[in-house]
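Everything on this sheet refers to the single structure shown next.
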Amino acid sequence: MKLIHSNSLITKTLSNRGFTLVEIMIALAISGIVMAAIYSVYISQQRTSIVQEQVVEMQQNVRASLDIMEREIRMAGYSRSRTGATIPNVTITTANANQLIFRMVADTDGMDNDGSGVADEDGEIESIEYYLYDAYGDGDLDLGRRTPSNTQAVAENIDAIEFNYIMANGTLTTTPAQPNDVRAVQISILARAGREDREFTNSITYTSGSGNAAWDINGATAGTGNPPNDNFRRRLLITTVQCRNMGLN
């Protein structure tokens, strides 16, 4: 009986033993590895989500600005008043690589588009200019839309823009001698993300529609800025807009 009692005590003593220091250290090490892996996955997913949000925002920004320009440039040269009379001097007035000014008869929009003091007068001519400028004084260029009565930024963080003109004889040029002979406008617009991605280096060379790879990219860190060699993601979009009213008058 004493032997049985002794064995029972031994078994009870063994069953009450705790973890050794080595076992605790191993458990802590495994837990640390698991937690580090979980944290790494979380940080990676968070970074990917932020990058995707920036890319989507950038794409929406540049596509919206292109949509606005396309609609209005397509109307360049529109020169009929509500009475059917032809309005003179309604055409593309200034055309170069980074600036476009054109005129058209304005819509009924409640605005004094020609600065005459009268809103929505018959045959009111609206002059519209697209160009790059620093709208907010932060050193970043934005796409500006200027009329006689208003100047506004239609897209932020636009690093470069080029207007390439298709002439009546089919030739392409960024400096047309006769803006009246423009029949279509090829727009190259380079948008930039609003924030840097420190895990990304932009070494892409962006070539405009005219084949120009030497255009200056605003805010870039090296030379003329192409490739920019910085940490900003960018998107280059190129589209061609037919000026359906040019050459009809």
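Going by this note's numbering, the first residue of the sequence shown is number 155, and it counts up by one from there. Using N, Cα and C, we set each Cβ at its ideal position, and we do this for glycine too.
Asked, Found
"Excluding the five sequence neighbours on either side, which residues of its own chain have a C-beta within less than 7 Å of the C-beta of Arg-398, listed in chain order?", "Arg-228"
"Quick one: is Asn-323 buried, meaning 16 or more other Cβ sit within 10 Å of its Cβ, or exposed?", "exposed"
"Straight-line CA distance for Asn-356 to Ala-307?", "26 Å"
"Nearest by alpha-carbon distance to Pro-382: which of Met-258, Phe-256, Gly-293 and Tyr-360 is it?", "Tyr-360"
"Measuring alpha carbon to alpha carbon, tell me which of Thr-248, Asn-366 and Val-216 ends up nearest Leu-297.", "Val-216"
"Taking C-alpha atoms, which residue in Thr-394, Asp-351, Leu-326 and Ala-367 lies nearest to Gln-200?", "Asp-351"
"Give a yes or no on whether the C-beta atoms belonging to Arg-257 and Ile-279 are separated by under 7 Å.", "yes"
"Find the nearest neighbour of Asn-392 within the set Gln-340, Asn-385 and Ile-358, judged by alpha-carbon distance.", "Asn is not the amino acid found at residue 392; the sequence shown has Ile there. With distances taken between Cα atoms, Ile-392 lies closest to Gln-340."
"The beta strand (DSSP E) that contains Gly-298, what's its start and end?", "296–301"
"Quick one: Cα of Leu-175 to Cα of Ala-347, how far?", "52 Å"
"Can you tell me whether Leu-295 is buried or exposed? The criterion is at least 16 other CB atoms within 10 Å of its CB, across all chains shown.", "buried"
"Let me check one thing: in DSSP terms, what residues is Val-336 bridge-paired to?", "Met-321"
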